[in-house]
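Inspection log for the structure reproduced underneath, given as structure tokens.
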Amino acid sequence: MEPTWLTVVAALSLGVAVICFLIILGDILAGHRQQMWIMNVVWPITALWSGPLGLYGYYKVGRLATKQKARRAKSRGKKPPSKQKPFWQSVAVGATHCGSGCSLGDLIAEWFVFFVPITLFGRHIFGTWVLDYGLAFLLGIAFQYFTIKPMRDLSTGAALVEAVKADTLSLTAWQIGMYGWMALVTFVIFGHELPKSSLTFWFMMQIAMILGFCTSYPVNWWLLRQGIKEKM
37 MEPTWLTVVA ALSLGVAVIC FLIILGDILA GHRQQMWIMN VVWPITALWS
87 GPLGLYGYYK VGRLATKQKA RRAKSRGKKP PSKQKPFWQS VAVGATHCGS
137 GCSLGDLIAE WFVFFVPITL FGRHIFGTWV LDYGLAFLLG IAFQYFTIKP
187 MRDLSTGAAL VEAVKADTLS LTAWQIGMYG WMALVTFVIF GHELPKSSLT
237 FWFMMQIAMI LGFCTSYPVN WWLLRQGIKE KM
């Protein structure tokens, strides 16, 4: 039985995250479209796990990459504001870009196994992790593909190869942070798997995503420095 206070905290955290998601989505639909269309998906998804942090990041960094700002800068013969941000912010955007694919894959996988349980080594959590990783990988590659192809003007095959190179390490690092936390939650903190219908489970997943961002950040730093990933 989960303590009442934890359920209340979970409900507040998830509720605030949904509000942040809706604020970002509403702002994008109101006309502040990102220069790179895939980021119109990335920023709202980021808010689902990061809440106010994601909302702050969107208005601090994401709003620099709107089509209007890019056109305005071009008309003045200047670089777009998105190209002028500090390197650490570019790394953060790259990590959230990767994390959005992971988050979406995890969300789909967790609800899939709620209705169709998958067991590995006698544990549902291990079966879920395999499905999580597979879906996160496919979605992460898709997100990278729709970033790399227009930026480098590559063929479909070449863009897919570059997407795999850019996202595999980043995504794996993200999942390590996420799985590490969920393993601690399952086997140490609670001693059992939390039901996926509980608010506490999704609150723990929010924390897992934040830790995934932390473990993915240095990998994204290296990938950008090496030119394997594109700055966004």
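Start counting the sequence shown at 37; every next residue gets the next number (the numbering used here).
We put the CB at the ideal spot given by N, CA and C, even for glycine.
For clarity, every value in this text was computed on a predicted model and none was experimentally measured.
N- and C-terminal bounds of the alpha helix (DSSP H) containing residue i
i, result
"G170", "H160 to R188"
"Q211", "T192 to L220"
"G62", "T40 to L65"
"F239", "L235 to R261"
"T155", "From DSSP, T155 is part of no alpha helix (DSSP H); its letter is neither H nor E."
"P80", "M75 to S86"
Buried or exposed (CB count within 10 angstroms, at least 16 for buried), residue i
i, result
"K265", "buried"
"V80", "The sequence shown places Pro at residue 80, not Val. P80 comes out buried."
"D189", "exposed"
"G137", "buried"
"S111", "exposed"
"S139", "buried"
"F237", "buried"
"T40", "exposed"
"L84", "buried"
"S252", "buried"
"G176", "buried"
"H68", "buried"
"V78", "buried"
Pair within 8 Å by beta-carbon distance, residue i and residue j
i, j, result
"F249", "G135", "yes"
"T164", "E146", "yes"
"L205", "L259", "yes"
"W257", "V127", "yes"
"M187", "M214", "no"
"G216", "L171", "no"
"M268", "G90", "no"
"T43", "L235", "yes"
Anticipated Cβ contact below 8 Å, residue i with residue j, distance rounded
i, j, result
"H88", "V52", "Sequence check: residue 88 is Pro here, not His. About 7 Å separates the two Cβ atoms, so the contact holds."
Are the stretch 202-215 and the stretch 47-65 touching, with three or more C-beta to C-beta distances below 8 Å?
-> no
Can we say the stretch 147-158 touches the stretch 90-100, given the rule of at least three CB pairs closer than 8 Å?
-> no
Is it a yes or a no for the stretch 188-206 touching the stretch 219-231, going by three-plus beta-carbon pairs under 8 Å?
-> no
Would you check if the stretch 199-208 and the stretch 161-180 touch, i.e. whether three or more CB-CB distances between them fall below 8 Å?
-> yes
Mind the definition here: the stretch 79-96 touches the stretch 57-64 only if three or more C-beta pairs lie below 8 Å; say whether that holds.
-> yes
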